[in-house]
Ligand SMILES: [Fe+2]
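Residue numbers (the numbering used here): 119 to 321.
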């Protein structure tokens, strides 16, 4: 019997928001951008909101909150095998990137789970993927001359995994997972990649 151990479960799913709900959320977030300089975290360029989008200050997001909560409970049920009552603290922020903007490697330590909800992905976007880094050490230790000659790649020999997001998709991943976001190009220099990122911890 073969057991896969040391796995890093990453959920990727349709968020369940309609295009109209995504567009409405984008409009609201663009309004926040117009009213504040934002802050710089992992983003290089782009606009990063301040505060918590899931606080009572922002009650415009019932569909988005429902989508995020549903994905988190789906993950907890499937990965942790837990389906009981659980109170989750939720924090969220938006990153609005333009062509050329990107996010440097980081993780969301001191949380349980993190994720990203893609509200707007430019049509024909080249690049703009989120890249996850394999957290295991010494992954290249098998690389002997014999293995190089065989040209066989063990399945663990992928130091990164790239996820090309689509509009309306949601990701949930362990908060310790290092990741970054590639810059992108597209024909429309004004086209925006708008993501709501979130953290959750058990209350
Ligand atoms: Fe992140």
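Yeah, the Cβ is synthetic: ideal placement off N, Cα and C, and Gly gets one too. As the structure is a computational prediction, the values presented were derived from the model and not from experiment.
Starting from residue i, trace the beta strand (DSSP E) in both directions and tell me its first and last residue.
{"i": "residue 251", "result": "248-251"}
{"i": "residue 238", "result": "231-238"}
{"i": "residue 132", "result": "129-132"}
{"i": "residue 138", "result": "Residue 138 -> not in any beta strand (DSSP E); alpha helix (DSSP H) instead, spanning 137-153."}
{"i": "residue 259", "result": "It is not in any beta strand (DSSP E) - residue 259 carries neither H nor E in the DSSP assignment."}
{"i": "residue 121", "result": "It is not in any beta strand (DSSP E) - residue 121 carries neither H nor E in the DSSP assignment."}
{"i": "residue 223", "result": "220-224"}
{"i": "residue 206", "result": "206-215"}
Cβ of residue i within 8 Å of Cβ of residue j?
{"i": "residue 234", "j": "residue 282", "result": "no"}
{"i": "residue 279", "j": "residue 250", "result": "yes"}
{"i": "residue 226", "j": "residue 293", "result": "yes"}
{"i": "residue 184", "j": "residue 321", "result": "no"}
{"i": "residue 311", "j": "residue 253", "result": "no"}
{"i": "residue 301", "j": "residue 245", "result": "yes"}
{"i": "residue 128", "j": "residue 189", "result": "no"}
{"i": "residue 169", "j": "residue 215", "result": "no"}
{"i": "residue 237", "j": "residue 143", "result": "yes"}
{"i": "residue 140", "j": "residue 242", "result": "no"}
{"i": "residue 166", "j": "residue 177", "result": "no"}
{"i": "residue 231", "j": "residue 200", "result": "no"}
{"i": "residue 125", "j": "residue 295", "result": "no"}
{"i": "residue 314", "j": "residue 182", "result": "yes"}
{"i": "residue 257", "j": "residue 275", "result": "yes"}
{"i": "residue 260", "j": "residue 277", "result": "no"}
{"i": "residue 180", "j": "residue 307", "result": "no"}
Taking its Cβ as the centre, do 16 or more other Cβ atoms sit within 10 Å of residue i, making it buried, or is it exposed?
{"i": "residue 212", "result": "buried"}
{"i": "residue 210", "result": "buried"}
{"i": "residue 172", "result": "buried"}
{"i": "residue 318", "result": "buried"}
{"i": "residue 120", "result": "exposed"}
{"i": "residue 284", "result": "exposed"}
{"i": "residue 286", "result": "buried"}
{"i": "residue 316", "result": "buried"}
{"i": "residue 198", "result": "exposed"}
{"i": "residue 299", "result": "buried"}
{"i": "residue 161", "result": "buried"}
{"i": "residue 147", "result": "buried"}
{"i": "residue 174", "result": "exposed"}
{"i": "residue 133", "result": "buried"}
{"i": "residue 137", "result": "exposed"}
{"i": "residue 123", "result": "exposed"}
With H, G and I counted as helix, E and B as strand and the rest as coil, what does DSSP make of residue i?
{"i": "residue 200", "result": "coil"}
{"i": "residue 194", "result": "helix"}
{"i": "residue 318", "result": "strand"}
{"i": "residue 254", "result": "coil"}
Quick one: which unbroken beta strand (DSSP E) runs of 3-plus residues sit fully inside the stretch 264-313? Chain order, please. 278-281, 287-292 and 297-299
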